[in-house]
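To start, the structure under review is shown below, and the notes come after it.
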Amino acid sequence: MNAVSLVLTEPFRAGTWKRVAYLLLALPAGLVGIPHVLARRLLGQDLARPAPRRLVLHALLATPLNLVAVVVTVYGWSLVPMNLVWPLRAGDPAEAWGGPTFAGAWAFHALIGGVGFLLLMPWVGRGLTALQGRLAVRLLRGSPTGESAPQPHAPHNDAPQPQR
196 MNAVSLVLTE PFRAGTWKRV AYLLLALPAG LVGIPHVLAR RLLGQDLARP APRRLVLHAL
256 LATPLNLVAV VVTVYGWSLV PMNLVWPLRA GDPAEAWGGP TFAGAWAFHA LIGGVGFLLL
316 MPWVGRGLTA LQGRLAVRLL RGSPTGESAP QPHAPHNDAP QPQR
């Protein structure tokens with residue numbers, strides 16, 4: 196699939212709407228202690244139930260990011276219908292962007308605000324969920340690979356090494 200078709204079809208993919216659901220639900224899920232369930236179901240992360248201290252740590256550190264993500268998601272996606280139906284909320288088109296004609300103002304709002312944000316918001320959502328997913332994996336699993344492997348130690352040998 197080429198880049199243009201990917202950009203044009205991304206708003207209509209199931210994965211986009213799973214990410215939007217994650218962005219909207221991550222804040223309450225993190226606060227009630229089930230972020231691992233949400234990340235597993237909507238982002239496909241392989242997370243088991245973490246220790247309670249990890250849930251508390253996640254709630255404290257992820258809440259600011261989750262709050263920003265909710266605000267950006269709600270605002271960005273609300274701009275799409277708000278600008279597509281601009282004539283229903285419009286006042287005087289002479290003062291509006293794209294004016295002074297009604298058709299020019301509507302075309303400007305529909306193309307830039309409506310279609311523009313329809314094509315932009317899936318990519319904003321990808322970025323935000325990638326950041327949230329990495330944070331969740333790191334805080335809930337403990338390491339990017341999922342296990343806290345002990346550091347390998349070299350055997351201690353006091354014997355003198357032969358010279359070469």
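Quick note: the sequence shown uses our numbering, first residue 196, plus one each step.
Heads up, the beta-carbon is just placed ideally off N, CA and C, and yes, glycines get one too.
So, helix, strand or coil for residue i, using DSSP?
{"i": "Gln327", "result": "helix"}
{"i": "Glu342", "result": "Reliability of the predicted coordinates at Glu342 is poor, the pLDDT of 47 falling under 50, and the value obtained from them is presented with this limitation in mind. DSSP places Glu342 in coil when its eight states are reduced to three."}
{"i": "Met196", "result": "coil"}
{"i": "Ala243", "result": "coil"}
{"i": "Pro282", "result": "helix"}
{"i": "Pro295", "result": "coil"}
Going by CA-CA distance only, name the one from the options that's closest to residue i.
{"i": "Val202", "options": "Trp301, Gly311 and Phe303", "result": "Gly311"}
{"i": "Arg236", "options": "Ala224, Val269 and Thr268", "result": "Ala224"}
{"i": "Val139", "options": "Gly309, Ala234 and Ala302", "result": "Nothing can be reported for residue 139: it is not among the residues displayed for the chain, which extend from 196 to 359."}
{"i": "Ser273", "options": "Leu242, Phe303, Pro282 and Gly308", "result": "Gly308"}
{"i": "Gly299", "options": "Met316, Pro230 and Trp281", "result": "Trp281"}
{"i": "Val275", "options": "Ala254, Leu242, Leu255 and Leu315", "result": "Leu315"}
{"i": "Asn319", "options": "Asn197, Thr204, Leu306 and Val215", "result": "A small fix is needed here, since residue 319 is Val in this sequence, not Asn. It is Val215."}
{"i": "Ala254", "options": "Glu290, Ile229, Met277 and Gly271", "result": "Ile229"}
For residue i and residue j, what's the separation of their Cα atoms in angstroms?
{"i": "Val199", "j": "Arg208", "result": "15 Å"}
{"i": "Leu226", "j": "Leu220", "result": "10 Å"}
{"i": "Arg321", "j": "Leu313", "result": "14 Å"}
{"i": "Val267", "j": "Leu323", "result": "9 Å"}
{"i": "Thr145", "j": "Gln240", "result": "Residue coverage of the chain in this structure runs from 196 to 359, which leaves residue 145 outside it and unanswerable."}
{"i": "Thr296", "j": "Lys213", "result": "39 Å"}
{"i": "Leu279", "j": "His304", "result": "7 Å"}
{"i": "His231", "j": "Leu238", "result": "10 Å"}
Confirm, please, whether the CB-CB distance from residue j to residue i is below 8 Å.
{"i": "Leu260", "j": "Leu326", "result": "yes"}
{"i": "Leu334", "j": "Arg249", "result": "yes"}
{"i": "Pro206", "j": "Pro317", "result": "yes"}
{"i": "Leu222", "j": "Val265", "result": "yes"}
{"i": "Leu242", "j": "Arg336", "result": "yes"}
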